[in-house]
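One structure is given below, encoded as structure tokens.
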Amino acid sequence: GLVVSSLLKETGLATYDPGYTNTASTASAITYIDGEQGILRYRGYPIDELAEGSTFLEVAYLLIYGELPDAKTLTEFTARVNRHTLVPEQFRGFLAAFPRGGHPMSVLASSINALATFYPESLDPHDDEAVDLATVLILAKIRTITSYVHRSMRDEPLLYPDYARGYVEDFLRMSFGIPYQQWDAEPVVAAAMDKLLILHADHEQNCSTSTVRMVGSSNANVYASVAAGINALSGPSHGGANEAVLLMLERIRSGGDSVENFMRKVKNKEDGVRLMGFGHRVYKSYDPRAAIVKKHADAVLDSLGAKDELLDIARGLEEIALSDDYFVERKLYPNVDFYTGLIYKAIGFSPAMFTPLFALGRMPGWIAQWREMMKDPATKIGRPRQIYTGATERPYVPIDQR
Ligand code: ACO
1342 GLVVSSLLKE
1352 TGLATYDPGY
1362 TNTASTASAI
1372 TYIDGEQGIL
1382 RYRGYPIDEL
1392 AEGSTFLEVA
1402 YLLIYGELPD
1412 AKTLTEFTAR
1422 VNRHTLVPEQ
1432 FRGFLAAFPR
1442 GGHPMSVLAS
1452 SINALATFYP
1462 ESLDPHDDEA
1472 VDLATVLILA
1482 KIRTITSYVH
1492 RSMRDEPLLY
1502 PDYARGYVED
1512 FLRMSFGIPY
1522 QQWDAEPVVA
1532 AAMDKLLILH
1542 ADHEQNCSTS
1552 TVRMVGSSNA
1562 NVYASVAAGI
1572 NALSGPSHGG
1582 ANEAVLLMLE
1592 RIRSGGDSVE
1602 NFMRKVKNKE
1612 DGVRLMGFGH
1622 RVYKSYDPRA
1632 AIVKKHADAV
1642 LDSLGAKDEL
1652 LDIARGLEEI
1662 ALSDDYFVER
1672 KLYPNVDFYT
1682 GLIYKAIGFS
1692 PAMFTPLFAL
1702 GRMPGWIAQW
1712 REMMKDPATK
1722 IGRPRQIYTG
1732 ATERPYVPID
1742 QR
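Take this note's numbering: the final residue in the sequence shown is number 1743, and no numbers are missing along the way.
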């Protein structure tokens, strides 16, 4: 940053780096990625150990406050989050006002943005207590709101949160109601869902996180910043890929396309077709999150008795891709989104809900990154430069002479 800004002042030169492939926008102590070796650590802890040993709220605490909580701290943090899981009653009307076929990502982003209007005491980005309150409010309410988005899509009544239940257990109960509680597989499903949320919880300066920081850099409140992150996540090149993977697999299964024909189109880049769930800006080897998800996909599908031939199609695509020159040369491997949709589908979520589930998982990371930025003395308002390519000065033409 220092080098570039002084270069600009002294020489008038700016770096031109579309997509910021080689530009560090910030220093950060939260998440470490080694894309060549496929390493991901939150606050120094390897992702597989966190996914194995921790719960989602514990990881949220780690990302946001920098240390793993001891048992007492985690109990207090959990209790504080649980106390705030109710959403204002007006939300029922708010959710009912969206058209039924509206995409849940739009509804989720609008709802999180709207929270700012209910909690004015939590808006000041430079008041530590207000920021702590907003942190807890968002983590608590996104669990309720995401389940409400799911239920209102299906015209089902919204259920109140249950303070005594765990974060993921209650999220699943609010999403699926009574039948879910009677479901034998609940512990397996809840544990798998908890792991998926941990795997999604942060990923340094990806598109949505950079968006959160960019919006926050103007001192916008945290609700406005993370709502912008949800919108950035919605695109199919980013979080929207998990939904796109499932639609791709379904198209192949329904006979709309054979695996071979589909792969031919991908490699010929016909109509911009890509193998969704493959490739990553940073990982040039197997995405460590995808490896964990793949390991669990079988177990979850088995325990739900939901053998899914889409899993076989996905495995087939992966097998072809891993030994095909096109993918090998470009270092394209499955990313976290390739197998997650199959688990979400087995649990009972429709494809349109997959990206909201990603947002639920990513929320602690967005909050942690926003907080880190607000405390960083090096933070400046985000304001990139451009290379102007338009017309040089031209004489103005009055409307009657054009
Ligand atoms: N299928 C086919 N070809 C691909 C794919 C893919 N999924 N991804 C990249 N390529 C090719 C490109 O066509 C390009 O080929 P070329 O060198 O012949 O032009 C080369 O690989 C490099 O691709 P870029 O688009 O330059 O890579 P970039 O880093 O900009 O993009 C991205 C990364 C967006 C993730 C890309 O791989 C992609 O579109 N993947 C599919 C969508 C997806 O799964 N997104 C989720 C990402 S992970 C996440 O957000 C959680």
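Even glycine gets a Cβ: it sits at the ideal position worked out from N, Cα and C.
Measuring CA to CA, which of Gln1431, Pro1359, Thr1552 is closest to Trp1707?
Thr1552
From the DSSP output, which residues share a beta bridge with Arg1382?
Tyr1373, Pro1387
Output needed for His1637: all residues of its chain with C-beta closer than 6 Å, excluding positions within five of it in sequence on either side, in chain order.
Ala1533
Selected residue, minimal CA-CA separation from Gly1613, among Arg1630, Glu1601, Ser1578, Ser1644
Ser1578
Do you know offhand how far Pro1736's Cα is from Leu1480's?
55 Å
Identify every residue that forms a DSSP beta bridge with Phe1619.
Pro1675
Just how far apart, CA to CA, sit Pro1744 and Ala1368?
Coverage of the chain is limited to positions 1342 through 1743, which leaves residue 1744 absent and any answer about it impossible.
Span of the alpha helix (DSSP H) around Ser1566:
1563–1574
To the nearest whole angstrom, what separates the beta carbons of Ile1654 and Val1607, a pair I think is in contact under 8 Å?
In fact, because the Cβ distance is near 14 Å, the residues do not count as touching under 8 Å.
Rounded to the nearest angstrom, what separates Arg1441 and Pro1461 at their Cα positions?
30 Å
On the three-state DSSP scale, how would you describe Leu1698?
helix
For Leu1474, which of Thr1487, Phe1459, Ser1488 has the nearest alpha-carbon?
Phe1459
Would you say the beta carbon of Ala1542 is closer than 7 Å to some non-hydrogen atom of ligand 1?
no
Short Cβ contact (8 Å threshold) for Phe1699 with His1541:
yes
Could you tell me how far apart the beta carbons of Gly1673 and Ala1662 are, in whole angstroms, since I believe they sit closer than 8 Å?
Gly is not the amino acid found at residue 1673; the sequence shown has Leu there. Going by Cβ atoms, the distance from Leu1673 to Ala1662 rounds to 7 Å, so yes, they are a contact pair.
Could you tell me the boundaries of the alpha helix (DSSP H) in which Ile1453 lies?
1445–1459
Roughly how many angstroms separate the alpha carbons of Glu1670 and Ala1582, rounded to a whole number?
22 Å
Top-ranked residue by Cα proximity to Arg1615, from Ala1565, Asp1465, Pro1629, Met1589
Met1589
Can you say whether Asp1678 is buried or exposed, counting buried as having 16 or more other CB atoms within 10 angstroms of its CB?
buried
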